[in-house]
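>
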Amino acid sequence: MTVIIPPGHSLIAHQHAVSGSSRPMICTYGLDSVPTGSDLSDLHQAWGNSLVSVLSSTVSLETTTVYIDGGAREAYTEVIAGTDSATMAPPNVAYLLNKHTNRVGRQGRGRLYLSGVAEANVGNAGVLTSAIIDDFDAQIAEFLGFLPDIATSMVLLHSDSSDPDPVTSITVNPLVATQRRRLRK
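Residues -8 to 176 (our numbering) make up the sequence shown, in order.
(1) By Cβ distance below 6 Å, which residues in the same chain neighbour V50 in space, the five residues on each side in sequence not counted?
(2) I'd like to know whether the C-beta atoms of L46 and M145 end up nearer to each other than 8 Å.
(3) How many angstroms separate the CA atom of D126 from the CA atom of G117?
(4) Taking the straight line between their C-alpha atoms, what separation do you get for E65 and D30?
(5) With a threshold of 16 other CB atoms inside 10 Å of the CB of Q170, please say whether the residue is buried or exposed.
(6) Tell me which residue opens and which closes the alpha helix (DSSP H) that E133 is part of.
(7) Roughly how far, in whole angstroms, is the beta-carbon of I(-5) from the beta-carbon of S160, given that I think they are within contact range, below 8 Å?
(8) Leaving out the 5 sequence neighbours to the left and right, which residues in its chain are closer than 6 Å to T120 when beta-carbon positions are compared?
(9) Give every residue of the same chain whose Cβ lies closer than 6 Å to the Cβ of R94, excluding the five residues on either side of it in the sequence, and list them in chain order.
(10) Expressed to the nearest angstrom, what Euclidean distance is found between the alpha-carbon atoms of Q98 and A85?
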């Protein structure tokens, strides 16, 4: 499903790479501005530095691309590698981040999948350890706290013509998400 990017807003795509895989993993979210130049590099570094402790060392953030209604506008590339040295879970296992807004109902909730889960952080039933949840929540709060420094905030973009909703918080789901299509053949 394609989202509509209203004028003055942007879609940010962070491209992560996994050692030994030719397929990138991409995380996206909306912003209520269009970062360029140094703001884009600061955004890239803030995202990467906020997540290094919760991502496997085999995963690295490589490129951040800004999309506006007319397509890609600008990209910034710098490799920032994860620091968790534990064995990585299969690539179809991902952290599930829940985006919250003030809008009631399904349109007021968003999701973001982030691969790079270390197997040591997941129990047999797919439940994350409380230590990694606390660490991840702190890292995401740090990232959201950075956004006003570049005069922007995260928004939830929609596939219909409704206005984007400001994201009020992001929480880590205690259960990892799995996607069959991410398994490599």
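Here a beta-carbon is modelled for each residue, glycine too, at the ideal position from N, C-alpha and C.
Short version:
(1) H7, V9, G73, G107
(2) no
(3) 18 Å
(4) 11 Å
(5) exposed
(6) 121 to 137
(7) No, I(-5) and S160 are not in contact; Cβ-Cβ is about 23 Å, not under 8 Å.
(8) N112
(9) D156
(10) 22 Å
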